[in-house]
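Engineer:
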Amino acid sequence: MNLVTFMTFVTIVCITLLESVVIITPLFAEDSQAVKRLREKKECPGCNLSKANLQNYYLTNANLKEANLSEANLRGANLSGAFLIKAKLRGANLQSSNLNGANLMSGDLRGADLRNSQVNAETKLDNKWLKVWKIVNHQTLPGQDLSEAD
(Lines of atoms letter the chains of each structure in order from A; the text may use other names.)
(Lines give C-alpha, C1' and ligand atoms only; values in the text may rest on other atoms or scores of the structure.)
Protein backbone atom coordinates (compact mmCIF):
# COMPACT_ATOMS: atom_id res chain seq x y z
CA MET A 28 0.00 0.00 0.00
CA ASN A 29 1.51 3.29 -1.02
CA LEU A 30 1.36 6.51 0.96
CA VAL A 31 -1.27 8.12 -1.30
CA THR A 32 -3.66 5.17 -0.87
CA PHE A 33 -3.11 5.17 2.88
CA MET A 34 -3.71 8.92 3.17
CA THR A 35 -6.88 8.59 1.06
CA PHE A 36 -8.15 5.92 3.45
CA VAL A 37 -7.36 8.03 6.52
CA THR A 38 -9.11 11.03 4.93
CA ILE A 39 -12.24 8.95 4.26
CA VAL A 40 -12.28 7.69 7.86
CA CYS A 41 -11.93 11.26 9.18
CA ILE A 42 -14.72 12.55 6.94
CA THR A 43 -16.97 9.71 8.09
CA LEU A 44 -16.27 10.58 11.71
CA LEU A 45 -16.99 14.26 11.13
CA GLU A 46 -20.29 13.43 9.43
CA SER A 47 -21.36 11.34 12.42
CA VAL A 48 -20.53 14.17 14.84
CA VAL A 49 -22.59 16.66 12.82
CA ILE A 50 -25.72 14.49 12.78
CA ILE A 51 -25.61 13.63 16.46
CA THR A 52 -27.88 16.04 18.28
CA PRO A 53 -30.57 15.48 20.88
CA LEU A 54 -32.58 12.80 19.13
CA PHE A 55 -35.84 11.03 19.85
CA ALA A 56 -36.73 7.43 19.13
CA GLU A 57 -39.07 6.58 16.32
CA ASP A 58 -40.78 4.09 18.64
CA SER A 59 -41.00 5.13 22.30
CA GLN A 60 -42.53 1.75 23.21
CA ALA A 61 -39.37 0.09 21.91
CA VAL A 62 -37.23 2.32 24.15
CA LYS A 63 -39.44 1.49 27.15
CA ARG A 64 -39.21 -2.24 26.37
CA LEU A 65 -35.44 -2.03 26.03
CA ARG A 66 -35.07 -0.12 29.29
CA GLU A 67 -37.32 -2.51 31.25
CA LYS A 68 -36.42 -5.89 29.75
CA LYS A 69 -33.03 -5.28 28.12
CA GLU A 70 -34.28 -6.86 24.94
CA CYS A 71 -35.69 -5.52 21.75
CA PRO A 72 -34.56 -7.68 18.82
CA GLY A 73 -35.52 -6.21 15.47
CA CYS A 74 -36.87 -3.02 17.08
CA ASN A 75 -36.75 0.39 15.45
CA LEU A 76 -34.56 2.45 17.77
CA SER A 77 -33.29 4.79 15.08
CA LYS A 78 -32.43 8.22 16.45
CA ALA A 79 -33.13 7.00 20.00
CA ASN A 80 -31.43 8.86 22.83
CA LEU A 81 -29.88 6.00 24.82
CA GLN A 82 -27.02 8.04 26.25
CA ASN A 83 -25.53 6.44 29.38
CA TYR A 84 -28.08 3.58 29.33
CA TYR A 85 -27.11 0.43 31.22
CA LEU A 86 -27.66 -2.27 28.58
CA THR A 87 -25.36 -5.09 29.66
CA ASN A 88 -26.28 -8.38 27.99
CA ALA A 89 -29.14 -6.68 26.11
CA ASN A 90 -30.59 -8.54 23.13
CA LEU A 91 -30.60 -6.10 20.22
CA LYS A 92 -30.20 -8.61 17.39
CA GLU A 93 -31.11 -6.99 14.05
CA ALA A 94 -32.28 -3.81 15.82
CA ASN A 95 -32.22 -0.55 13.89
CA LEU A 96 -30.03 1.80 15.95
CA SER A 97 -29.15 4.07 13.03
CA GLU A 98 -28.17 7.54 14.26
CA ALA A 99 -28.94 6.50 17.85
CA ASN A 100 -27.14 8.29 20.67
CA LEU A 101 -25.39 5.53 22.65
CA ARG A 102 -22.69 7.79 24.03
CA GLY A 103 -21.43 6.41 27.34
CA ALA A 104 -23.82 3.44 27.20
CA ASN A 105 -22.78 0.20 28.87
CA LEU A 106 -23.28 -2.42 26.15
CA SER A 107 -20.96 -5.02 27.65
CA GLY A 108 -22.04 -8.49 26.61
CA ALA A 109 -24.81 -7.08 24.40
CA PHE A 110 -26.08 -9.17 21.49
CA LEU A 111 -25.95 -6.81 18.49
CA ILE A 112 -25.61 -9.29 15.63
CA LYS A 113 -26.76 -7.71 12.34
CA ALA A 114 -27.71 -4.51 14.17
CA LYS A 115 -27.89 -1.35 12.09
CA LEU A 116 -25.63 1.16 13.85
CA ARG A 117 -25.03 3.40 10.86
CA GLY A 118 -24.20 6.91 12.07
CA ALA A 119 -24.69 5.92 15.72
CA ASN A 120 -22.79 7.75 18.46
CA LEU A 121 -20.91 5.06 20.38
CA GLN A 122 -18.40 7.49 21.88
CA SER A 123 -17.11 6.35 25.27
CA SER A 124 -19.42 3.33 25.24
CA ASN A 125 -18.49 0.00 26.83
CA LEU A 126 -18.50 -2.71 24.15
CA ASN A 127 -16.52 -5.26 26.17
CA GLY A 128 -17.76 -8.74 25.26
CA ALA A 129 -20.45 -7.38 22.92
CA ASN A 130 -21.24 -9.28 19.73
CA LEU A 131 -21.47 -6.89 16.77
CA MET A 132 -20.84 -9.42 14.00
CA SER A 133 -22.38 -8.54 10.64
CA GLY A 134 -23.46 -5.18 12.04
CA ASP A 135 -23.51 -2.01 9.95
CA LEU A 136 -21.20 0.50 11.63
CA ARG A 137 -20.71 2.85 8.68
CA GLY A 138 -20.32 6.37 9.98
CA ALA A 139 -20.56 5.25 13.62
CA ASP A 140 -18.49 7.27 16.09
CA LEU A 141 -16.31 4.77 17.96
CA ARG A 142 -13.98 7.25 19.63
CA ASN A 143 -12.98 6.26 23.15
CA SER A 144 -15.25 3.22 23.08
CA GLN A 145 -13.99 0.16 24.94
CA VAL A 146 -13.50 -3.23 23.34
CA ASN A 147 -11.69 -6.29 24.65
CA ALA A 148 -10.66 -9.74 23.46
CA GLU A 149 -14.23 -11.00 23.96
CA THR A 150 -15.76 -8.28 21.76
CA LYS A 151 -16.85 -9.72 18.43
CA LEU A 152 -16.42 -7.27 15.55
CA ASP A 153 -15.95 -7.86 11.84
CA ASN A 154 -12.26 -7.33 11.00
CA LYS A 155 -12.86 -4.12 9.05
CA TRP A 156 -14.64 -2.49 12.01
CA LEU A 157 -11.95 -3.62 14.43
CA LYS A 158 -9.37 -1.94 12.19
CA VAL A 159 -11.43 1.26 12.09
CA TRP A 160 -11.72 1.14 15.90
CA LYS A 161 -7.93 0.80 16.16
CA ILE A 162 -7.40 3.79 13.87
CA VAL A 163 -9.82 6.16 15.58
CA ASN A 164 -8.56 5.15 19.01
CA HIS A 165 -4.91 5.65 18.03
CA GLN A 166 -3.86 2.03 18.34
CA THR A 167 -0.67 1.07 16.55
CA LEU A 168 -1.08 1.49 12.81
CA PRO A 169 2.31 0.70 11.26
CA GLY A 170 2.20 -2.63 9.48
CA GLN A 171 -1.61 -2.94 9.58
CA ASP A 172 -3.19 -4.66 6.58
CA LEU A 173 -5.96 -2.28 5.52
CA SER A 174 -7.00 -4.21 2.42
CA GLU A 175 -10.33 -5.30 3.97
CA ALA A 176 -11.20 -1.88 5.39
CA ASP A 177 -13.61 -0.82 2.68
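Take any residue in the sequence shown, note its place counting from 1, add 27, and you have its number in our numbering. Quick reminder that beta carbons are idealized off the backbone N, C-alpha and C, glycines included.
Take residue 83 and list the residues in its own chain whose beta-carbon comes closer than 7 angstroms to its own, dropping the five residues that flank it on each side.
Structural biologist: 103, 104
Engineer: Figure out for me which residue from 120, 99, 115 has the closest Cα to the Cα of residue 131.
Structural biologist: 115
Engineer: I need the DSSP call for residue 68, collapsed to helix, strand or coil.
Structural biologist: helix
Engineer: Taking the alpha helix (DSSP H) that residue 163 belongs to, which residues open and close that run?
Structural biologist: 154-163
Engineer: Pick from 92, 79, 107: whose alpha carbon is nearest that of residue 145?
Structural biologist: Cα-wise, what sits closest to residue 145 is 107.
Engineer: Taking 9 angstroms as the CB-CB limit, is residue 141 close to chain B?
Structural biologist: Any reference to chain B falls outside this structure, which holds one protein chain only.
Engineer: Exposed or buried, what is residue 122 when buried is set at 16 or more other beta-carbons lying within 10 Å of its beta-carbon?
Structural biologist: buried
Engineer: Among all the DSSP beta bridges, which residues are the ones paired with residue 85?
Structural biologist: 105
Engineer: If we ignore side chains and look at the alpha-carbon of each, how far apart do residue 97 and residue 149 end up?
Structural biologist: 24 angstroms
Engineer: Under a Cβ-count criterion, where at least 16 other Cβ atoms within 10 Å of its own Cβ denotes burial, should residue 95 be classed as buried or exposed?
Structural biologist: With 16 or more other Cβ atoms within 10 Å, it is buried.
Engineer: Name the DSSP beta bridge partners of residue 140, please?
Structural biologist: 120
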